[in-house]
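Using the working numbering, the letters of the sequence shown map in sequence onto residues -9 to 252.
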Amino acid sequence: AGESLEDKARKLVEGIRSHYELVGRRAEEIRSALPGPVPVVAMGHLFAAGGSTVEGDGVRELYLGSLAHVGHDFPPVFDYVALGHLHKSQLVGGRENCRYSGAPIPMGFTEALREKQVIMVDFCAGQMEVTPLKVPIFKALHSIRGDREEIERQLEELKSKAQKAWLEIIYEGKEIISDLREQMEAATAGTELDLLRVSDNRSWQQVINLMEEGEVLSELDHSEVFRRCLEAYEVEAEQRESLLQMYNEILDCLLTEDVMAE
-9 AGESLEDKAR KLVEGIRSHY ELVGRRAEEI RSALPGPVPV VAMGHLFAAG
41 GSTVEGDGVR ELYLGSLAHV GHDFPPVFDY VALGHLHKSQ LVGGRENCRY
91 SGAPIPMGFT EALREKQVIM VDFCAGQMEV TPLKVPIFKA LHSIRGDREE
141 IERQLEELKS KAQKAWLEII YEGKEIISDL REQMEAATAG TELDLLRVSD
191 NRSWQQVINL MEEGEVLSEL DHSEVFRRCL EAYEVEAEQR ESLLQMYNEI
241 LDCLLTEDVM AE
């Protein structure tokens, strides 16, 4: 009780270090009783100090997050330390015999272009040889972004290659497309393209940015907020009138239902 996060993280790291020291001593005892040299390999699922991640790679925090990073000074008795948790393949502390092999498949669309691998480690006559083995891509990940025309162009390019792929589509156009996902599903129907995510990259923050100094959102009427939304998203002029009319019709229906409910 009363411990800070830093204190808890420090005790956790000390506990992990003590565990590896204990295991290392026991492994050395067992190896010394064997007739021939046997490599000692340690494994662990942890975040080693100096390890790197990439935004969107799906790495989750362990224990107390970034506070509990374990040092890379594992006991020298270990001939190889194979670590898991970080999805990016990397050495730990610059040591060839201590590394993350990384996730064998992409864990997010940000990893779509990163080559994945598994590590084969051979020990012969006391010498270690590390061989990265490339993991083949069985189904690609593609992130498509742009306005409607650009998205359709990229989809047609993928369809022309008859490629199997998982797709992320990020719409960045000015035109409001209320049935964006339905249109994208129709465009990929009957193909080997699986639509996993469809998002509109525009933000409601644009609406807030248009508020004048001293204005309060709650003091604006519904129609004015909607008009500013259309302006913030730079909706084409020919669309604004019809959208505003539909918005008012929906609002009128909702207000009528509220009155009837009373």
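All C-beta atoms, glycine included, are put in the ideal place defined by N, C-alpha and C.
For T121, the three-state secondary structure derived from DSSP is strand.
Around the beta-carbon of V71, 16 or more other beta-carbon atoms lie within 10 Å, marking it buried. A straight line joining the alpha-carbon of F128 with that of M97 spans about 14 Å. When Cβ pairs closer than 8 Å are counted between the two stretches, the stretch 83 to 95 is seen to touch the stretch 103 to 111, the count reaching three or more. DSSP assignment within the stretch 118 to 175 yields the following whole alpha helix (DSSP H) runs of 4 residues or more, N-terminal first: 138 to 150.
Here E101 is buried. Its C-beta has 16 or more other C-beta atoms within 10 Å. Going by DSSP, S189 is part of the beta strand (DSSP E) stretching over 183 to 190. Relative to V13, the option among T43, P66, A38 whose CA is nearest is P66. Exposure of V28 is indicated by the presence of fewer than 16 other C-beta atoms within 10 angstroms of its C-beta.
If you draw a straight line from the Cα of R0 to the Cα of R15, it is about 23 Å long. Within the same chain, and ignoring the five residues on either side of E224 in sequence, the residues whose Cβ sits closer than 8 Å to its Cβ are K164. It is roughly 42 Å from the alpha-carbon of L2 to the alpha-carbon of A155. The continuous alpha helix (DSSP H) containing F216 extends over residues 212 to 222.
In this structure V82 is buried. Its beta-carbon is surrounded by 16 or more other beta-carbon atoms within 10 angstroms. For A179, no beta strand (DSSP E) segment is defined, and its DSSP state is neither H nor E.
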